[in-house]
Amino acid sequence: MNPEIVSLVDVGHTFGGRRGGTPFRALHPLTVSFGEGQSLALVGESGSGKTTLLRLLLGLTRPTEGRLRLFGVDPAAGGERATAARRRCGYIPQDPFGALPPTLTVIDAVAEPLRLGPSPLPREAARERARTLLKLCLLEESLWDVRAGTSLSGGQRQRVSFARALIADPDLLLADEPTSMQDSGTRRLLVARIAERSSRGKGLLFVTHDLVLARAVTERALVLLRGQVVEEGPTGALLHDPLHPYTKALVAALPRLGKALTGPPPSVGTAPPGGCPFLHRCPSSLALCASSPPLTALAGGRKVACHLFRERAPSTSDLSR
Ligand SMILES: Nc1ncnc2c1ncn2[C@@H]1O[C@H](COP(=O)(O)OP(=O)(O)OP(=O)(O)O)[C@@H](O)[C@H]1O
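Residue numbers for the sequence shown follow our numbering, so the first one is 1 and each next one is one higher.
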């Protein structure tokens, strides 16, 4: 087992429960871990809980359930060890508009992570590294001295945010749809930069709607629907042999196949509390699906939460974990 980077044991999150209002369970308890050189994709439609999970890992939100560890510490605990663990992470947020310090120039915004922490790099050395990375991220030189908070398109901001997240060569990269605003050539280049890190023992948590993209950079994937894991396994297996009807629908909806998912997105709609989160859109639903199917381990390191697969589950002794 590689030294552990991320460990979640029954981690869940409910918004709104503490200050009154209607509590909303954005993430149902989930258990997952990965170590150095390993990568995990979080795949699902809008509103499925992907960003919530990233925010828990970064210590920006404290989980309301379970036990979460980042490099062996609780990232939301405060104190030096939690700060040190968070500093080992690079984060590419989904929304590049709020992601950059608005008063810094592009080059200083990218260099900034090297200027923080216990052994900051001198300003010019940090800026030199920022120049190299900005070139690799195909950001036009004419933009390096403009204010990061103005004058940049969404795609340009996203590339600046990408360079900023990678400049300190973090041990864990948390990337939330990091190439959503890029053309296909630039996307390929940025994805290759992410993929090469795994061979150097770096960890990756990659959030995307797109299983093809997930397969390019990750070995394993979790498919989330309404905050519940409906399938987990090797990313290639999920793409080429999806088991859960929802994963099948996600694969069928990939642009090259062109079939849109039917029914309302997960944040809308009316799945019964406790029932399968895909019930109202599932072409194969059974009466049984009004009750929640447990996440069941199958052969080949795969897991699926679907009543259709209960009978295919191997005996406990066959389970990979
Ligand atoms: N601060 C909050 N208070 C209440 N509900 C929230 C809060 N943040 C997120 N949610 C809800 O939690 C659910 C999951 O949101 P999250 O941002 O994690 O989804 P996501 O999978 O990242 O979606 P997207 O792909 O659109 O970013 C959504 O229904 C969202 O409305």
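A virtual CB, placed ideally from N, CA and C, is assigned to each residue, including glycine.
All values derive from a computational prediction rather than experimental measurement.
Taking C-beta to C-beta, are residue i and residue j nearer than 8 Å?
| i | j | result |
| --- | --- | --- |
| Q38 | G203 | yes |
| I107 | R88 | no |
| I167 | R129 | yes |
| P242 | V230 | no |
| G16 | P23 | yes |
| L42 | L224 | yes |
| R159 | C137 | yes |
| I5 | L172 | yes |
| A195 | A216 | yes |
| R62 | A76 | yes |
| H240 | A305 | no |
| V212 | L279 | no |
| T105 | D145 | yes |
| P101 | A148 | yes |
| A214 | T247 | no |
| L143 | V110 | no |
| L308 | S292 | no |
Which whole-angstrom value is the C-beta distance of residue i and residue j, which I expect to be below 8 Å?
| i | j | result |
| --- | --- | --- |
| L174 | L288 | Not quite, the Cβ-Cβ distance comes to about 37 Å (not below 8 Å), so this is no contact. |
| R157 | A99 | 7 Å |
| G90 | A165 | 4 Å |
| E36 | G201 | 4 Å |
| R290 | G275 | Reading off the sequence, residue 290 comes out as Ala, not Arg. That belief holds up - the Cβ atoms of A290 and G275 are roughly 5 Å apart, short of 8 Å. |
| L40 | T218 | 6 Å |
| T51 | D176 | 6 Å |
| L30 | L8 | 6 Å |
| S48 | G227 | 7 Å |
| F162 | L205 | Contact doesn't hold; Cβ gap of about 15 Å is too wide. |
| D10 | G66 | 4 Å |
| T14 | T64 | 5 Å |
Once DSSP output is grouped into helix, strand and coil, what is the label at residue i?
| i | result |
| --- | --- |
| F323 | The question about residue 323 has no answer here: the residues shown for the chain are numbered 1 through 321. |
| I5 | strand |
| E36 | coil |
| A175 | strand |
| P283 | coil |
| A297 | strand |
| G275 | coil |
| T31 | strand |
| R115 | helix |
| A252 | helix |
| D108 | helix |
| L42 | strand |
| G16 | coil |
Start and end of the alpha helix (DSSP H) containing residue i?
| i | result |
| --- | --- |
| E128 | R123 to L136 |
| K204 | A small correction: the amino acid at residue 204 is Leu; Lys does not occupy that position in the sequence shown. Careful: L204 lies outside any alpha helix (DSSP H), inside the beta strand (DSSP E) at G203 to T208. |
| L70 | Careful: L70 lies outside any alpha helix (DSSP H), inside the beta strand (DSSP E) at E65 to L70. |
| I194 | S184 to S198 |
| R55 | K50 to L57 |
| A163 | G154 to L166 |
| L213 | L211 to V217 |
| L243 | Element bounds for L243: n/a, residue is neither H nor E. |
Where do the N-terminal and C-terminal ends of the beta strand (DSSP E) with residue i fall, by residue?
| i | result |
| --- | --- |
| S292 | First-last for S292: undefined, no H or E at that position. |
| Q228 | Q228 to P234 |
| L225 | R220 to L225 |
| R87 | Premise fails: R87 lies in the alpha helix (DSSP H), E80 to R87, not in any beta strand (DSSP E). |
| R302 | R302 to V304 |
Exercise for review: Please list, following the chain, all residues that have a C-beta closer than 6 Å to any non-hydrogen atom of ligand 1.
Suggested key: Having a Cβ closer than 6 Å to some heavy atom of ligand 1 are F15, G16, F24, A26, G44, S46, G47, S48, G49, K50, T51, T52, Q94 and S267.
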